[in-house]
Ligand SMILES: *Cc1c(COP(=O)(O)O)cnc(C)c1O
């Protein structure tokens, strides 16, 4: 019997890998120097650690170290990328294009830009969650300056065709921003071949600490308008004393991701597929989002029974998501977008991770099957007199 509840919400956040914790600890105790203090050894050793971590983050996406800017997470990276680029590119045009299924850190940032004189086109995805490339191309205008499309969706795990989207943007000289918060360690990323200009990254979805992220800014892209002013850190694009321990943690979790992806992804896929096979054997279960163009550890199902939201709210033995954690439990704008605005019924997102065992998956599958069957029985039982 596994320890309960079983954590199956690895797209909301992941536990920090113990190897990452180990690597972070000295930077909270004896090695406390400010990486900006270049006049003594305390500062210089912190700077060396920060630069080593920058190299590790860069390597996972095949970027150059000088193309990585530290931030507090993907929310800040998205804000810096979109506001920073929209303002820097305002002379070229003030039209931005994105997708309805983006994370709120992109959508709310775009809404803010709209109140400041920019116009935004938000495209609807196809029913499988993927963007129609013809529709995308048709939305671009001469005054389009920035496009933002996420690599992997946080709710349904679908992988957008960033290579094709980027090629279309590149041909028109439009900057492409990609939110890759859910992609690191799940899909191979190579910015040398992928036509992406800006990419948001975060540590805590890839077994690192919360509160640290990065923005990839392609060499040659005009400087972004800073959103945090101060000491001119990070080439003036993001001021603030660098959080050495967090940065070391992000470097280590990205290094591990790069090293272990080839083994980890197939293992997670096998666990996810077991859940997928088991649950889709129930005739009231429908899968949300494309199953092919999708990361290996995500399953998102709708239970097509009326009033089973109570059952979902009371799943005490498995920690799954009934709506994206980032939405504070509200209705999913992602699933609504897939279904042309109609509310998506009773969705459950199950995301397996590095520390889940086969025993846990077997237990979770039995448990969920039983709960859904109970719900089904209640719906089909004759009403009591
Ligand atoms: C989690 C997440 C974010 C927010 O990242 P933080 O580091 O928590 O700020 C942004 N975009 C996507 C797709 C995410 O999954």
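Residue numbers (this note's numbering): 912 to 1296.
From the three backbone atoms N, C-alpha and C, an ideal C-beta is built for every residue, glycine too.
All values derive from a computational prediction rather than experimental measurement.
Membership of residue 1074 in the alpha helix (DSSP H) is indicated by the continuous run 1073–1083. When DSSP reads this structure, residue 1228 sits in no beta bridge, so it has no partner. DSSP places residue 1006 within a strand segment (E or B) once states are collapsed to three.
For residue 1115, the distance from the CB to the nearest heavy atom of ligand 1 is below 8 Å. Here residue 1118 carries a coil assignment [DSSP, helix/strand/coil]. Counted as a single uninterrupted DSSP element, the stretch harbouring residue 940 is not any beta strand (DSSP E), since DSSP gives it neither H nor E.
Measuring C-alpha to C-alpha distances from residue 1035 to each of 1218, 1253, 1269 identifies 1253 as the nearest. Beta-bridge partners assigned by DSSP to residue 1206: none are found. Within the same chain, 999 come within 7 Å of residue 1133 by CB-CB distance, once the 5 residues on both sides are set aside. When secondary structure is reduced to three states using DSSP, residue 1213 falls in the strand class.
Sequence-distant Cβ neighbours of residue 1085 in its own chain, meaning closer than 6 Å and more than five residues away, are 1055, 1058. Here residue 1108 carries a coil assignment [DSSP, helix/strand/coil]. By the neighbour-count definition (other C-beta atoms within 10 Å, threshold 16), residue 1246 is a buried residue. Scanning its chain for C-beta atoms nearer than 7 Å, with the 5 sequence neighbours on each side dropped, one finds around residue 1213 the residues 1197, 1199, 1255, 1256, 1257, 1258, in chain order. Looking at the backbone, the Cα of residue 913 and that of residue 1265 are separated by about 16 Å. Cα atoms of residue 949 and residue 968: separation of roughly 23 Å, rounded to the nearest angstrom.
Taken in chain order, the whole alpha helix (DSSP H) runs of length 4 or more contained in the region 1235–1269 are 1244–1249. The DSSP-derived three-state label of residue 1273 is helix. For secondary structure counted as the beta strand (DSSP E) over 3 or more consecutive residues, the region 923–982 holds these complete runs in sequence order: 979–982. Under the DSSP assignment, residue 995 falls outside any beta strand (DSSP E), being part of the alpha helix (DSSP H) whose first and last residues are 985–999. The three-state secondary structure of residue 1123, taken from DSSP, is coil. The beta carbon of residue 961 sits closer than 7 Å to those of 946, 1153, 1155, 1158, all from its chain and outside the five residues before and after it, given in chain order.
Look at residue 1090: its beta carbon is less than 8 Å from one of the heavy atoms in ligand 1.
The region 1045–1054 and the region 1096–1104 do not touch, with fewer than 3 CB-CB distances between them shorter than 8 Å.
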